[in-house]
Amino acid sequence: MELPRGHFGRIEFCQFLKGRRYLISYGVDCTVFLWDLGEWKAAAYTRVAQGRESILGMAVCPSEDRVFCLTAFGRFIVIDLCGLVNDKPKEFPTSMSASKEMTSVISFGRFDRQKDPMTLKNSGQSSNDSKPINWTEYYEEMNAIADENTESEDDLNEDH
Numbered sequence: 001m002e003l004p005r006g007h008f009g010r011i012e013f014c015q016f017l018k019g020r021r022y023l024i025s026y027g028v029d030c031t032v033f034l035w036d037l038g039e040w041k042a043a044a045y046t047r048v049a050q051g052r053e054s055i056l057g058m059a060v061c062p063s064e065d066r067v068f069c070l071t072a073f074g075r076f077i078v079i080d081l082c083g084l085v086n087d088k089p090k091e092f093p094t095s096m097s098a099s100k101e102m103t104s105v106i107s108f109g110r111f112d113r114q115k116d117p118m119t120l121k122n123s124g125q126s127s128n129d130s131k132p133i134n135w136t137e138y139y140e141e142m143n144a145i146a147d148e149n150t151e152s153e154d155d156l157n158e159d160h
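If you're matching positions, the sequence shown starts at 1 in full-length UniProt numbering and goes up one per residue.
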């Protein structure tokens, strides 16, 4: 089975939602992904923390329509999960087509499946243009963040 691309680095948290139709996860890359297991792709993602900030924890409310994140800088972030269907995927695909690019919704504080999931949302502005993830840029950016986080951990260790 081939897994869809997503997090860069270790995954710190994941939980099934809505009868195992969705999976929500965050990793050391400070990105939260909402995976649609029925479609076998990332339905949405958002970067929760930047630079030296990291995610300390995540909790899903019992109704599974809201996620809460706490960052190392003391920020409390609420992510609304809208328009999720409550059913299990009928079957998992055995592989993803190499030509099928995974697309994402970039949303600050909100995953919204009621609107077109291909719409790019950024700081309240929306565009009807579908924007595929540029994986080269994504992984370069994640490498830079990982390097910053490693340097900040080294700085902390030197202080003690």
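Even for Gly, the Cβ is constructed at its ideal location relative to N, Cα and C.
Selected residue, minimal CA-CA separation from residue i, among the options
i   : options            : result
V32 : R75, S63, E12      : E12
D65 : V85, H7, G9        : V85
P62 : H7, F8, L17        : L17
I24 : G9, E39, R10, A43  : A43
S40 : F68, D80, V67, R20 : A quick correction: the sequence has Trp, not Ser, at residue 40. W40 has its Cα closest to that of R20, out of F68, D80, V67, R20.
Q15 : F68, C82, V60, G6  : V60
Beta-carbon gap between residue i and residue j smaller than 9 Å
i   : j   : result
L70 : L56 : yes
L37 : Y26 : no
S54 : V28 : yes
A72 : R47 : no
A49 : R75 : yes
Original post:
If you scan the segment 23–48 from start to end, which runs of the beta strand (DSSP E) of 3 or more residues do you find wholly inside it?
Top reply: 31–36, 41–47
Original post:
Can you give, in chain order, each stretch of the beta strand (DSSP E) that sits fully within the segment 52–81 and has at least 3 residues?
Top reply: 55–60, 66–71
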